[in-house]
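Undergrad: Under the working numbering, the first residue of the sequence shown is numbered 1010, with each subsequent residue one higher. Built from N, CA and C at the ideal position, the CB exists for glycine as well. The structure is given below, and queries will be raised subsequently.
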Amino acid sequence: MSNLPQIKVFNTATKKLENFETVLPGIVRMYVCGPTVYDRSHLGHARTYIAFDAVKKYLILRGYDVVHVQNITDIDDKIIKRAQETGISWSEVAEKNIKSYLDVLKKLGVQPTVSPRVTYHVGEIIEAIEKLIEKGYAYESNGSVYFDVSKYEHYGELSGRRSIESWRQEEDVLKEKRNPFDFALWKKMKEGEPHWSSPWGEGRPGWHIECSVMSSRYLGIPIDIHAGGGDLIFPHHENEKAQSEALFGVRPWVKYWMHTGMLTIKGEKMSKSLGNMVYIDEVLDRWSPEVIRTWVLSSHYRSQLEFNEDALQQYEANQQRISTAYRELKNLIKEAQQDFRLEDKDIATMREIEKLHNDFHEAMSEDFNTPLAFRSVMKATDIFYSKVKEGKSFAIAIQLWMFLNEANYVFGFVLQEEPSSRDDERFRQLIELLIAVRKNLREKGIYDLADGIRRSLAQLGIELQDSGLETKYIVRK
Ligand SMILES: [Zn+2]
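Here's what the structure looks like:
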């Protein structure tokens, strides 16, 4: 398609749909705020990471090179608190949760270009803070360093919040600040806390400064897209914006701010205090990554997304219908013969597919409207079952393939390709054999050997999934 629609993006900073134009032609520099690893990643994180992965993949589909940086906050108040509560070291808390985060991310088909960790960049962070002090935007107080909000006239512009009464702060910290809105760039070490040496004594970086420093290191200045969950707009992104524009002397520092809507459970915000947390690894035990992606992307990234098992069940049916069509279509293309003549109705079907493909791009170009794009995919899948499957026309099949293959790249209905060649067939038979042996062992009560088979296969990247009496397997890349 030559005349693809102009991509439009809703910019949180302007609250408007804007034409998407990158700083450098053909390259998108995108920063997504990643997790603070004091706990396993929850479903709200998954929603944000999948949503922006789809944005990234659509931009790649449109010919852009995308550099995607997604940071890991591996030192923070919450990590220290969790370490104190559980009696394990702060670095162990971080390592364990980083491993789990990277594992679920990979399963979900989300692979950032770089995943920088804060503790690997403390030197650069200190340099940035020194520069902010030099420029008069920050001050040292009692071994900590604060950003002076009064020196930056655009504070509150992104979030629309200029008064920060809801922002609870500790009394002793308040005393150190020139005004209560000032935020910490460097935190003085407290007894028993991890610490690094700095010109202001032992301490550690504040939360916000890491994103300014690591994004500029890997993406340069300014950046095209800065994204994250909607709950990060204030104070995190407001502070990032203030310190970056002050530090780099560039405005705007970010061309497009993008934020996901809230994830709810039974209409309520997911939170520790409500005790309704849902973790990604648990959901991945019950549903495939493909189903989770299909469900997440069935809502617009800015909308509220409600989690419930019924919805996932419905999207599992949709995902299976699409993925089966996708695989069958791929085989059909291999076997189909060239068409020497197409009937009028075949030509009409080709036009219909062309229209749906175009609708897909229209929807994705309008602020990445995945639910609308999804409808075109469902309609195209219907065409597969009603007209393509039996007809076996190469022309129609290839036309449909061009669409479904692109849609699959963005949505991830099929993340793992199934075996196709004869060697792969032998591989499949071998796994089925091992599954049968394992079943037999279990029936005889020899569980340790049965579990040994499961573990050894898992080490080879082959995951067994038991559901009822049946055992399926998934090959991880
Ligand atoms: Zn951030």
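What span of residues does the alpha helix (DSSP H) with residue 1055 cover, start to end?
TA: From DSSP, the alpha helix (DSSP H) with residue 1055 extends over 1052–1070.
Undergrad: Within its chain, find whatever has a CB closer than 8 Å to the CB of residue 1158; leave out the 5 residues flanking it on each side and keep chain order.
TA: Answer for residue 1158: 1164, 1188, 1190, 1191, 1192 and 1251, listed in chain order.
Undergrad: Can you tell me where the alpha helix (DSSP H) with residue 1137 in it begins and where it stops?
TA: Unbroken alpha helix (DSSP H) run through residue 1137: 1131–1143.
Undergrad: First and last residue of the beta strand (DSSP E) that includes residue 1079?
TA: Run containing residue 1079: 1074–1079, per the beta strand (DSSP E) assignment.
Undergrad: Does the Cβ-Cβ distance between residue 1356 and residue 1222 come in under 8 Å?
TA: Taking 8 Å as the Cβ cut-off, residue 1356 and residue 1222 do not qualify as a contacting pair.
Undergrad: Could you check the C-alpha separation between residue 1122 and residue 1059 for me, to the nearest Å?
TA: About 15 Å.
Undergrad: Enumerate in chain order the residues of its own chain whose CB-to-CB distance from residue 1230 is below 6 Å, with the five nearest sequence positions on each side excluded.
TA: For residue 1230, where only same-chain residues beyond five positions count, the Cβ hits under 6 Å are 1257 and 1259.
Undergrad: Given residue 1077, which residues of its chain have a CB within under 6 Å of its CB, disregarding the five upstream and five downstream residues?
TA: The answer, listed in chain order, is 1039, 1065, 1121 and 1122.
Undergrad: Within the same chain, show all residues whose beta-carbon is closer than 8 Å to that of residue 1410, passing over the 5 residues directly before and after it, in chain order.
TA: Within the same chain, residue 1410 has close Cβ partners 1338, 1339 and 1342.
Undergrad: Can you find at least 3 beta carbon pairs, one from the stretch 1367–1379 and one from the stretch 1047–1055, that sit closer than 8 Å?
TA: No contact exists between the stretch 1367–1379 and the stretch 1047–1055.
Undergrad: I need the DSSP call for residue 1285, collapsed to helix, strand or coil.
TA: Correct three-state label for residue 1285: coil.
Undergrad: Taking the CB atoms as reference points, tell me whether residue 1044 and residue 1082 lie closer together than 8 Å.
TA: Yes.
Undergrad: According to DSSP, is residue 1279 helix, strand or coil?
TA: Looking at residue 1279 - three-state DSSP - the assignment turns out to be coil, as it is neither helix nor strand.
Undergrad: May I ask you to report which of helix, strand or coil DSSP gives residue 1233?
TA: Of the three classes helix, strand and coil, the one that applies to residue 1233 here is strand, per DSSP.
Undergrad: Hey, would you say the C-beta of residue 1030 is under 7 Å away from at least one heavy atom of ligand 1?
TA: For ligand 1, not one heavy atom lies less than 7 Å from the Cβ of residue 1030.
Undergrad: Could you have a look at residue 1410 and say whether DSSP puts it in helix, strand or coil?
TA: Correct three-state label for residue 1410: helix.
Undergrad: Assuming residue 1443 and residue 1466 are in contact, meaning their beta carbons sit under 8 Å apart, how far apart are those beta carbons, in whole angstroms?
TA: Rounded, the Cβ-Cβ distance is 7 Å, consistent with contact.
Undergrad: Specify, as a first and last residue, the run of the beta strand (DSSP E) that residue 1022 falls within.
TA: No beta strand (DSSP E) holds residue 1022; DSSP gives it neither H nor E.
Undergrad: If we count the other Cβ atoms within 10 Å of its Cβ and call it buried at 16 or more, is residue 1394 buried or exposed?
TA: With fewer than 16 Cβ atoms within 10 Å of its Cβ, residue 1394 is classed as exposed.
Undergrad: Quick one: what does DSSP say residue 1470 is sitting in, helix, strand or coil?
TA: Correct three-state label for residue 1470: coil.
Undergrad: In angstroms with no decimal places, state the Cα-to-Cα distance between residue 1331 and residue 1457.
TA: Their Cα atoms are separated by approximately 38 Å.
Undergrad: Mind listing which residues have their beta carbon within less than 5 Å of any non-hydrogen atom of ligand 1? Chain order is fine.
TA: Listed along the chain, these residues meet the criterion: 1042 and 1220.
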